[in-house]
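Inspection log for the structure reproduced underneath, given as structure tokens.
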Amino acid sequence: MSQSKKSKFIIRLVLLAGTVISLFFVPWLLVKAWILPLPDTVQEQLDEAVDHGFDGMIVYIDQAGQPPKYFASGWHNREVKIPAKPDALFKIASISKLYDAVAVTKLVSSGRLSLDKTLAYYLPELEGKIENAEQITLRNMIRHRSGIPNFTDTPDFWAHPTLSYDESLALITGQPANFEPGEDYEYCNTNYLLLNKIMDNELGYNNFRFVQEEILTPLKLTRTFESVNEANMDDIMSGYHVGHPYDLKTDDLGMVATAEDVGTFLRALNDGSVFEKGEKEIYSSIYEYKHAGWVPGYQSFAEYHEELDAVIVAFYSTTDPELYNWNLSEIINGRIVKILKR
């Protein structure tokens, strides 16, 4: 064997060894989900996802030129064996940031807020409590470029989540900034905690009322609620966290909505019909047009696929401490897109 061939052979062995080692550390369930033959239908893919360990799943698809499609598999409530319902309410977690970003956009467009004014300007009581409050702008916060520490990263936060603005803010008050404003990006729930407080102060009332009046009502979205406490509990899909013995649906952790309501909003966001004149340009400069969300027991994904002209909303009712289920759900989401393309 020539020296050149020997070198190539050794390189192949090294690459193969690296592949084998990497696969050793990847849960085989993820590998299995990825390599299984693609099912013929979306419904079969949901059923397969439940076989992988999800307690329940809901998918809504709005593809141009076709009537909306609704899918469900698994359990709405596994304790009493109620099958999953495509019109169930679900905790949408950080997908709510899309609604917040539209609300901020509308307040900026009307001159009630300014993207270039600072955190200290709107909440002067935080000067000296949040580092760089005098330099952090609303634009920094909405784009996750503020450098403010993330309160939900506090150790064991999800075991004992905070119940109020003051409790949440106290978790990061006085902590050093993670970076200078505008110098980096870090996803941070504290940004939106503060933006919601700023909107409340400017409006003089809970900003969800503004969301309802300016976004939900015009779009005829009647199945979107500020929290589980505003909805019929029986309509909410149960959520489960691996290692935790109880149903988590009664925990109040933000907005709940049906997949159809989220999909209708996402379509309006992407085609611009949720905006008044000049608002879409503002929004495009500050935030994205898709989102995912996670709280214990609930994973949610909302995305517009331009090549299909399709909105796809996917809900999964099982989470786990290692986030393997998050990676698994992303694999399943990709397979659903492939089915639609085929």
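Residues 1274 to 1615 in the working numbering are what the sequence shown spells out, letter by letter. Every residue, glycine too, gets a C-beta built ideally from N, C-alpha and C.
C-alpha distance - residue i paired with residue j, whole-angstrom precision
i: Tyr1394; j: Ala1541; result: 32 Å
i: His1578; j: Asn1606; result: 12 Å
i: Val1501; j: Ala1532; result: 15 Å
i: Ala1361; j: Leu1521; result: 15 Å
i: Ser1295; j: Ser1602; result: With a pLDDT of 39 at Ser1295, under the threshold of 50, the modelled position of that residue is not reliable, and the figure given next carries that caveat. Roughly 20 Å separates the two Cα atoms.
i: Leu1581; j: Gly1516; result: 38 Å
i: Lys1364; j: Glu1503; result: 12 Å
i: Leu1392; j: Thr1410; result: 6 Å
i: Ala1321; j: Lys1550; result: For the sequence presented, residue 1321 should be read as Glu rather than Ala. Approximately 44 Å, taken between the alpha carbons.
i: Ile1559; j: Asp1373; result: 12 Å
i: Phe1298; j: Ala1530; result: A caution first: Phe1298 carries a pLDDT of 49, below 50, which makes its placement in the model unreliable, though a value can still be read off. Each residue's alpha carbon lies about 36 Å from the other.
i: Leu1289; j: Gly1536; result: Annotation note: pLDDT 37 at Leu1289 (below 50); position unreliable, no value reported.
i: Ala1450; j: His1417; result: 13 Å
i: Ser1387; j: Leu1399; result: 18 Å
i: Val1315; j: Ser1557; result: 32 Å
i: Pro1454; j: Glu1404; result: 10 Å
i: Ile1612; j: Asp1313; result: 7 Å
Beta-carbon contacts of residue i that lie in its chain and below 8 Å, excluding the five residues immediately before and after
i: Ala1376; result: Met1472, Asn1480, Phe1483, Val1484, Glu1487, Ile1488
i: Phe1424; result: Phe1430, Thr1435, Ser1441, Leu1442, Leu1444, Ile1445, Asn1462, Thr1463, Leu1466
i: Ser1511; result: Asp1328, Gly1329, Trp1348, His1349, Asn1350, Arg1351, Glu1352, Asp1520, Leu1521, Lys1522, Gly1570, Ser1590
i: Leu1309; result: Glu1321
Top-ranked residue by Cα proximity to residue i, from the options
i: Leu1444; options: Asn1413, Glu1456, Ile1421; result: Ile1421
i: Ile1334; options: Pro1594, Val1584, Gln1316; result: Val1584
i: Ile1415; options: Leu1596, Ser1369, Glu1404; result: Ser1369
i: Pro1300; options: Arg1385, Pro1518, Gln1316, His1325; result: His1325
i: Asn1543; options: Tyr1562, Ala1337, Glu1398, Leu1526; result: Tyr1562
Own chain, CB closer than 7 Å to residue i, minus 5 neighbours either side, in chain order
i: Arg1608; result: Leu1311, Gln1318
i: Lys1379; result: Glu1487, Glu1552
i: Lys1470; result: Leu1396, Tyr1438
i: Ile1555; result: Thr1378, Val1381, Ser1382
i: Arg1615; result: none
Residue(s) in a DSSP beta bridge with residue i
i: Val1375; result: Paired residue(s): none; Val1375 is not in a bridge.
i: Gln1572; result: Trp1567, Tyr1589
i: Gly1620; result: It is not possible to answer for residue 1620, since the shown part of the chain is limited to 1274 through 1615.
i: Asp1335; result: Val1584
Proximity test, residue i beta-carbon vs the ligand ADP heavy atom, cut-off 8 Å
i: Ile1471; result: The ligand ADP is not part of this structure, which contains no ligands at all.
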